[in-house]
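Since the structure comes first, as structure tokens, the remarks are kept for the end.
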Amino acid sequence: MSGKALDPKLAEILASIRATVGGEAPPTVTAEAPEVEVAAAPMVAPARPAGDGQTLEAFMAALAGPKIQAWLDAHLPEMVQAAVDAEVRKLMGKS
Numbered sequence: 011m012s013g014k015a016l017d018p019k020l021a022e023i024l025a026s027i028r029a030t031v032g033g034e035a036p037p038t039v040t041a042e043a044p045e046v047e048v049a050a051a052p053m054v055a056p057a058r059p060a061g062d063g064q065t066l067e068a069f070m071a072a073l074a075g076p077k078i079q080a081w082l083d084a085h086l087p088e089m090v091q092a093a094v095d096a097e098v099r100k101l102m103g104k105s
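Count along the sequence shown from 1, then add 10; that gives the number in the working numbering.
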């Protein structure tokens, strides 16, 4: 590194990392350090969803998909037939 002196907090973090990598116990943290770390920690959402990574949208699609398909299988033929009959009646009435 260059001859610059490190920020005390940065030096403490680097010492902790070196101790962890070297297998030694990390140095004890001062009483004021947790307050500073908590205040400086950004409050952001995790980059990945928790659990298996499935989104709510995908979960609901998987849950509702079979039920919607069963409903369509039961009702769609009658709905299509009614729409076709209505169109045929309109065409027959106009001709």
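Quick reminder that beta carbons are idealized off the backbone N, C-alpha and C, glycines included.
Distance from the CA atom of Leu82 to the CA atom of Gln91, rounded to whole angstroms, is 13 Å. Between Ile23 and Ala72, the alpha-carbon positions lie close to 45 Å from each other. In the three-state scheme derived from DSSP, where H, G and I count as helix and E and B as strand, Ala96 is classed as helix. In this structure, the straight-line span from the alpha carbon of Leu86 to that of Ala93 is close to 10 Å.
Annotation: the continuous alpha helix (DSSP H) that includes Leu24 extends over Pro18 to Gly32.
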